[in-house]
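Numbered by full-length UniProt numbering, the letters in the sequence shown go through residues 1 to 288 in order. For glycine and all other residues, C-beta sits at the position ideal for the given N, C-alpha and C. The structure displayed is predicted, hence computed values, not measured ones.
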Amino acid sequence: MIFKLQGLKILQRKNLAGIVLYNPDLSRLSENINAIISQVDQLVLVDNGSIDQSHLPELAKIEKVVIVKNGDNKGIAGALNQILEFADENRYEWVLTLDQDSVVSKDIIGAYNQFVNKDSLGMLTCNIIDRNFILCVEEDDGEVEMCITSGSYVRVEAWKDIKGFDESMFIDSVDFDFCLSLRKHNWKIFRTYKTNILHEVGKSKVVKILGREYLALNHSPLRCYYIIRNRVYIGRKHNMGFKSFKVIMRLFYTVLIFEQQKMKKLVMMIKGLFVGLSCKINRNDKFN
1 MIFKLQGLKI LQRKNLAGIV LYNPDLSRLS ENINAIISQV DQLVLVDNGS IDQSHLPELA
61 KIEKVVIVKN GDNKGIAGAL NQILEFADEN RYEWVLTLDQ DSVVSKDIIG AYNQFVNKDS
121 LGMLTCNIID RNFILCVEED DGEVEMCITS GSYVRVEAWK DIKGFDESMF IDSVDFDFCL
181 SLRKHNWKIF RTYKTNILHE VGKSKVVKIL GREYLALNHS PLRCYYIIRN RVYIGRKHNM
241 GFKSFKVIMR LFYTVLIFEQ QKMKKLVMMI KGLFVGLSCK INRNDKFN
């Protein structure tokens with residue numbers, strides 16, 4: 001649609017969102033879709049090889065929804081690249097990326113579109129409200145170094161410039177690697193507190209010891225493997241040195257002190273450490 005204003009042509013911006021699905025909680029997914037569907041022209045749902053796909057035909061009946069079915073799990077990075085490829089092919093300039101259990105505010109697209117003309121802006125993010133903590137932070141808008149992909153507005157041009165999301169990582173820290181790559185290529189990441197999403201990091205909880213706070217993620221042993229493997233990989237890839245080492249040691253510490261299944265998790269984390277250090281990682285390695 002084209003509007004004419006004082007002799008100028010103003011093109012209405014097309015809006016796209018994408019959600020990555022893997023064995024979703026259908027109630028939460030429905031809440032997610034209902035929150036975003038009225039704000040976009042199209043909504044891409046990438047099913048990443050869910051065991052039960054019986055819900056997909058019903059989702060396909062929803063106006064504006066486009067279904068992409070993967071025969072196997074391509075990982076979060078692979079699915080995100082499929083969403084961005086759809087955006088590029090259909091001439092969208094920006095894409096809102098969402099996890100299946102995140103729920104956006106009713107004005108998120110409008111809030112983001114106020115900032116899209118900023119110079120060298122590669123990604124926008126917002127206030128992330130974790131359901132486990134119910135903590136709403138109010139700060140000034142501004143540049144940030146890192147953000148999660150869920151609830152982020154990604155510039156397609158920037159995604160193309162850095163060659164997309166790194167699919168070798170499969171899952172975990174894919175978003176942090178993407179942020180580091182954006183900044184390495186001189187793209188900026190901007191956070192606005194004018195909008196928010198409800199998000200949930202597994203069964204995470206904040207624990208305190210000697211007055212210091214730690215985030216216990218409470219992930220499965222397999223997930224712990226990917227977390228450590230990919231943190232090591234990112235450290236090598238982006239020359240993070242001691243900063244990366246500190247993050248990894250903190251993860252080992254929180255599992256050892258605060259979490260259940262300590263030995264199973266620590267064994268998998270040590271495997272992840274050695275794989276991350278010793279070879280080129282692969283999304284199809286034997287620990288998938």
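* To do: Would you tell me roughly how many angstroms separate the C-alpha atoms of residue 228 and residue 269, rounded to the nearest one?
  => As a first step, residue 228 must be located in the sequence shown, where it is residue number 228. As a first step, residue 269 must be located in the sequence shown, where it is residue number 269. Residue 228 and residue 269 have their C-alpha atoms some 6 angstroms from each other.
* Asked: Under 8 angstroms, do residue 75 and residue 178 count as touching if we go by C-beta distance?
  -> To locate residue 75, count along the sequence shown from 1; it is residue 75. To locate residue 178, count along the sequence shown from 1; it is residue 178. Taking 8 angstroms as the Cβ cut-off, residue 75 and residue 178 do not qualify as a contacting pair.
* Asked: Would you say residue 103 and residue 32 are within 8 angstroms of each other, going by their C-beta atoms?
  -> Numbered from 1 along the sequence shown, position 103 holds the residue referred to as residue 103. Numbered from 1 along the sequence shown, position 32 holds the residue referred to as residue 32. Residue 103 is a Cβ neighbour of residue 32, given a cutoff of 8 angstroms.
* Can you find at least 3 beta carbon pairs, one from the segment 188 to 198 and one from the segment 236 to 254, that sit closer than 8 angstroms? -> Because the criterion of three Cβ pairs below 8 angstroms is not met, the segment 188 to 198 and the segment 236 to 254 do not touch.
* Please report the Cβ distance between residue 16 and residue 46, rounded to the nearest whole angstrom; I am assuming they are in contact, meaning their Cβ atoms lie under 8 angstroms. => In the sequence shown, residue 16 corresponds to position 16, counting from 1. In the sequence shown, residue 46 corresponds to position 46, counting from 1. Rounded to whole angstroms, the Cβ separation of residue 16 and residue 46 is 13 angstroms, and the two are not in contact under 8 angstroms.
* Asked: From 116, 197, 168 and 37, pick the residue whose C-alpha is nearest to that of residue 158; which is it?
  -> Within the sequence shown, numbered from 1, the residue matching residue 158 stands at position 158. Among 116, 197, 168 and 37, the Cα nearest to that of residue 158 belongs to 116.
* **Cutoff 6 angstroms; reference residue 288; Cβ partners in own chain excluding five residues on either side** => Indexing the sequence shown from 1 puts residue 288 at position 288. With a pLDDT of 43 at residue 288, under the threshold of 50, the modelled position of this residue cannot be trusted, and the question is left open.
* Asked: At a cut of 8 angstroms, does the segment 50 to 65 reach the segment 115 to 131 through at least three beta carbon pairs?
  -> Not touching, per the Cβ criterion.
* Separation of residue 168 from residue 282, as counted between CA atoms -> Mapped onto the sequence shown, residue 282 falls at position 282. Mapped onto the sequence shown, residue 168 falls at position 168. Across the structure, residue 282 and residue 168 are spaced so that their CA atoms are roughly 5 angstroms apart.
* Less than 8 angstroms separating the beta-carbons of residue 181 and residue 197? -> Taking the first residue of the sequence shown as position 1, residue 181 is located at position 181. Taking the first residue of the sequence shown as position 1, residue 197 is located at position 197. Contact flag unset, no.
* **Cβ distance (whole Å) where residue 297 is taken to contact residue 26 below 8 angstroms** => Since the displayed the chain opens at 1 and closes at 288, residue 297 lies outside it and no answer follows.
* **residue 38 classed as buried or exposed, judged by whether at least 16 other C-beta atoms fall within 10 angstroms** => Counting from one through the sequence shown, the residue named residue 38 turns up at place 38. Exposed, since its Cβ has fewer than 16 Cβ neighbours within 10 Å.
* To do: Report all residues from its chain with a CB closer than 6 angstroms to the CB of residue 272; omit the five preceding and five following residues, and keep chain order.
  => The count along the sequence shown starts at 1 and reaches residue 272 at position 272. Shown here for residue 272: same chain residues with a beta carbon closer than 6 angstroms to its own, the five before and five after excluded, namely 225, 228 and 229 in chain order.
* From 41, 35 and 78, pick the residue whose C-alpha is nearest to that of residue 21; which is it? -> The sequence position of residue 21 within the sequence shown is 21, counting from 1. Considering only alpha carbons, the answer is 78.
* Cα separation between residue 259 and residue 275? -> Here residue 259 refers to the residue found at position 259 of the sequence shown. Here residue 275 refers to the residue found at position 275 of the sequence shown. So the two alpha carbons sit approximately 23 angstroms from each other.
* residue 148 to residue 231 span [Cα, whole Å] -> The sequence position of residue 148 within the sequence shown is 148, counting from 1. The sequence position of residue 231 within the sequence shown is 231, counting from 1. Cα-Cα distance, rounded: 15 angstroms.
* To do: For my contact list, residue 48 and residue 70 are in at a C-beta cut-off of 8 angstroms; report their separation, rounded to the angstrom.
  => The residue labelled residue 48 in the question sits at position 48 within the sequence shown. The residue labelled residue 70 in the question sits at position 70 within the sequence shown. Their Cβ separation, rounded to whole angstroms, is 5 angstroms, which keeps residue 48 and residue 70 in contact under 8 angstroms.
* Answer with buried or exposed for residue 106, where buried requires no fewer than 16 other C-beta atoms within 10 angstroms of its C-beta. => Taking the sequence shown and counting its residues from 1, the one referred to as residue 106 is at position 106. By the Cβ neighbour-count rule, residue 106 is exposed, with fewer than 16 other Cβ atoms within 10 Å of its own.
* **Residues of its chain near residue 145, where Cβ-Cβ distance is below 8 angstroms and the 5 sequence neighbours each way are ignored** => What you label residue 145 is simply residue 145 of the sequence shown in a count that begins at 1. Same-chain partners within the cutoff: 179, 183 and 189.
* **Sequence-distant residues of the same chain with beta carbon closer than 6 angstroms to residue 14, five excluded per side** => By 1-based counting over the sequence shown, the position of residue 14 is 14. If we look at residue 14 and ignore the five residues flanking it on each side, its Cβ neighbours are 41 and 92.
* To do: Measure the alpha-carbon distance for residue 164 versus residue 122 and round it to whole angstroms.
  => The residue labelled residue 164 in the question sits at position 164 within the sequence shown. The residue labelled residue 122 in the question sits at position 122 within the sequence shown. Distance between the alpha carbons of residue 164 and residue 122 is about 12 angstroms.
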